[in-house]
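One structure is given here, and the rest of the page talks about it.
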Amino acid sequence: MGLMKTGISVGVISDWIGSPYHIGIISGISDFARENNIEVFCFITGRINSPFDWEQKRNVLFNFPSPKRLDGLIILTTTISNVEDKKNVGDFIKSRYSDFPVVSIGMSIEGISSIEIDNRSGFKTLLEHIIREHKVKKIAFVSGPYTNPEAKTRYDTFMETVKENKNLIEETLVVQGDFSLLSGREVVKKIFDEKQFHPDAIVCANDQMAFGVMEELEYRKIEIPDDLILTGFDDVDLSYEKELTTVHQPIYEIGYKSLEILFNIINRKKTENSFLVLPTYPVFRSSCGCSGKNEINNNKIKIHKEFHESYQEKLNDLGERLVTEFDIKKQLEIFENSVSFFGIDSFYICFYEKKFPLIQKSTLKWAFDSNKRLKVEKHNIFDTIEIIPRDYRPAQANTYIVQGLFQGDEQMGYLVLKFCLNEGMVYDILRQKLSIALRISNLIESLKLHSENLEKLVKEKTQNLENVNKRLIKEVEERKKIEEKLRESESRFKEIATFLPMIIIETDFRNKIEFINKAGMDLFDITTDKNNLFDFIYKDDIQKVTNYCREILTNEVSTFTEFRIISKEGKRLTLLSKAIPIVKNDKVEGLRWCCLNLNSVISSILLPEETFFKKYNFSKREKEVFKLLLEGNKVKEIARKLYISESTVKSHITSIYEEIGVKNKTEFFNKLREYQLKEFGYESFIFSVLSYLIKSEEE
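Just so we're aligned, residue 1 is where the sequence shown starts under the working numbering, counting upward by one.
Here you go:
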């Protein structure tokens with residue numbers, strides 16, 4: 001069982017866990033915690049006031065830390081503040097966590113203990129090295145977000161060093177990144193394509209952006225260091241393998257020291273605030289042309305690569321198995337078996353109780369501790385701030401990663417994983433794949449419940465109608481037929497959604513089609529010269545799809561979109577699509593698209609029964625136009641099918657609108673939806689799908 005906890009529990013607030021920087025700090029915290037029997041919960045909160053919806057969903061975890069449960073907080077302040085200035089971040093921390101002793105990492109805040117690094121001296125030495133030793137004349141600097149204090153110091157240091165060496169430098173260019181790998185790729189395009197700048201060196205404000213730059217340069221066949229020098233900042237483990245010249249900051253020591261400071265404050269061994277600054281120094285490797293010591297261990301690199309590949313294969317397998325199983329209990333059994341592969345021997349899954357305000361109360365759904373599943377009692381509602389219900393907490397102190405379970409707009413609950421491996425992306429991908437699977441199961445459960453309620457309603461109506469006078473028997477039978485048709489239509493809809501052949505397309509991150517299945521080949525006229533997905537997208541939707549691709553690659557969250565394409569027959573068709581990143585060897589190599597041709601399923605969607613038409617004085621021809629309109633036909637198609645002119649079709653549509661009492665197509669669909677709901681209790685979201693499928697452009 002191990003040593004008993006000291007009784008001290010602390011929280012850690014971080015925007016993310018997927019990078020080596022985050023893992024390094026949490027590893028230091030975890031080691032100090034283990035040595036002193038401290039329980040640690042790392043809340044993955046996203047950034048404050050992030051512009052991205054998916055990241056805002058993580059922000060709910062800012063509300064988890066409570067002095068009733070935790071004794072203190074460590075905040076990776078610079079990571080959660082990339083979109084806010086220092087004053088706003090300080091005000092946020094002081095107002096929200098005033099009841100805690102707090103240690104801030106990376107940013108000094110008045111009245112709060114902090115631990116920082118010397119962002120200036122080590123970076124300045126690196127810059128002087130490439131300027132004076134390697135004689136670079138043209139330098140591109142990739143900065144971090146200007147609101148981030150560490151990024152600001154590194155920017156100021158770069159500008160000061162350039163000024164001091166202006167006689168040795170011909171030209172410089174500054175482009176802004178956001179500390180992410182993706183932004184590293186993007187800035188290369190900006191430097192070479194937009195700015196037409198061809199530097200001797202690219203200097204990055206952190207290693208993660210440098211890795212992105214490295215990938216894009218490799219794609220462009222630009223050799224490092226023969227064609228240009230590349231440097232980073234952080235000296236994470238991967239920079240060792242990539243032979244990246246960088247600035248070493250003691251990431252592990254930052255984490256270790258931060259908990260040591262907090263521990264002393266909690267135990268009142270230190271009453272005054274601490275302000276600790278740790279040194280940095282440059283590490284010269286082959287990316288700047290320095291051979292230095294041959295510190296690359298080829299066996300270690302090979303083993304690490306094999307681990308990555310096995311992890312990726314297992315994660316992909318987990319995702320496929322989860323989304324093909326719709327029973328939540330079986331999904332969690334699959335999840336339990338998979339996490340053991342990664343050495344995670346403890347985890348907890350909790351769902352928010354929806355009858356209470358968001359996150360106030362939760363229910364423990366699954367508990368797995370020390371490779372053993374715990375029996376979870378039903379109706380075990382507890383205060384969410386407890387994180388793990390008291391009766392299920394292990395005796396030994398552990399470090400846990402706490403992540404929200406959400407998909408789209410739905411906040412479902414949270415996942416608590418024991419921290420035990422240094423592959424940060426594994427934690428995030430496990431959360432993502434579990435969230436998607438649970439969301440699908442919840443939707444299917446809602447459909448089942450709707451079906452049961454509908455059947456119950458039919459039985460109740462049937463029972464009531466049995467007591468009606470014999471004169472109404474005919475009407476009863478008619479109503480039963482209508483209700484039966486509704487059930488059949490709903491069942492048909494589910495079959496279509498489940499078994500309809502999907503169009504599968506794989507593209508690289510430049511949208512070139514690398515693979516397409518038969519359903520797609522039947523739709524697209526692909527040639528050697530015409531093999532880019534954007535060649536087939538309708539011109540008015542290109543910007544929309546471009547933004548969607550950027551969001552998927554940035555968010556790591558898969559959502560639905562729709563766009564129009566031009567088929568090989570020249571027809572304009574609408575595709576309902578979902579894209580997910582294709583990841584191989586920890587690199588995003590493109591997108592996999594799953595598309596449904598909406599036009600092919602329209603004829604199977606529910607149309608109104610005769611009872612609807614009896615309410616209005618439609619002519620026989622207007623009734624024909626009405627039904628063809630609902631099937632998705634356009635004016636030209638209706639005219640062709642009925643052998644009448646387009647102007648006559650438009651005249652009939654105008655008459656239909658006037659008879660129903662609407663002015664346009666939107667009001668027309670709203671009117672029809674209200675009728676369906678009023679008459680049959682048909683669930684609104686089903687009809688919303690109907691309306692979406694059959695809507696077309698205004699003629």
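Every residue, glycine too, gets a C-beta built ideally from N, C-alpha and C.
| Check | Outcome |
| --- | --- |
| Backbone secondary structure at residue 16 - three-state DSSP | coil |
| Of the residues 287, 431, 264, 438, the one placed nearest residue 327, counting alpha carbons only | 438 |
| Cβ-based neighbour list, residue 371, same chain, cut-off 7 Å, excluding 5 preceding and 5 following | 340, 345 |
| Boundaries of the alpha helix (DSSP H) in which residue 404 is found, first to last residue | Element bounds for residue 404: not the alpha helix (DSSP H) but the beta strand (DSSP E), 399 to 407. |
| Proximity below 7 Å, CB of residue 73 to CB of residue 11 | yes |
| Assigned exposure category for residue 521 - 16 Cβ within 10 Å defines buried | exposed |
| Best match in 440, 442, 405 for proximity to residue 428 [C-alpha to C-alpha] | 405 |
| Touching by the beta-carbon criterion (3+ pairs, under 8 Å), the region 176 to 188 and the region 235 to 244 | no |
| Cβ-heavy atom distance, residue 226 to the ligand ATP, below 6 Å | Ligands are entirely absent from the displayed structure, and the ligand ATP is therefore not among its contents. |
| Minimum length 4: unbroken alpha helix (DSSP H) runs contained in the region 363 to 433 | none |
| CA-to-CA distance, residue 141 to residue 602, given in whole angstroms | Because residue 602 carries a pLDDT of 47, less than 50, the predicted location of this residue cannot be relied on, and the following value inherits that uncertainty. When rounded, the distance between both Cα atoms is 53 Å. |
| Under the three-state DSSP convention, the category residue 22 falls into | helix |
| Neighbour-count burial assignment, residue 163, 16 or more Cβ in a 10 Å radius | exposed |
| Same chain only: Cβ atoms within 6 Å of residue 295, ignoring 5 sequence neighbours per side | Unreliable positioning characterises residue 295 in this predicted model, as indicated by a pLDDT of 47, which lies under 50. The coordinate reading is nonetheless provided below. Correct list: empty, nothing qualifies. |
| N-terminal and C-terminal residue of the beta strand (DSSP E) that residue 564 is part of | 560 to 566 |
| Three or more C-beta pairs below 8 Å linking the region 510 to 517 and the region 525 to 538 | yes |
| Boundaries of the beta strand (DSSP E) in which residue 335 is found, first to last residue | Where residue 335 is concerned, there is no enclosing beta strand (DSSP E), although the alpha helix (DSSP H) it sits in stretches over 328 to 339. |
| Inside the region 85 to 168 only - beta strand (DSSP E) runs reaching at least 3 residues | 102 to 105, 113 to 117, 138 to 143 |
| Bridge partner(s) assigned by DSSP for residue 204 | 142 |
| Residue 34 - DSSP class collapsed to helix/strand/coil | helix |
| Euclidean distance between Cα positions of residue 400 and residue 40 | 6 Å |
| Classification of residue 22 by the beta-carbon crowding that lies within 10 angstroms, buried from 16 upward | buried |
| Cβ pair residue 249, residue 117 closer than 7 Å | yes |
| Other residues of its chain near residue 172: CB distance less than 7 Å, five sequence neighbours each side excluded | 139, 141, 162 |
| Under the three-state DSSP convention, the category residue 613 falls into | helix |
| Cβ pair count under 8 Å reaching 3, the region 92 to 99 against the region 107 to 124 | yes |
| Status (buried if at least 16 other CB within 10 Å, exposed otherwise) for residue 159 | exposed |
| Coil, strand or helix - residue 268 by DSSP | coil |
| Bridge partners - residue 504, DSSP secondary structure assignment | 594 |
| Straight-line gap, residue 58 to residue 409 (C-alpha atoms, nearest Å) | 11 Å |
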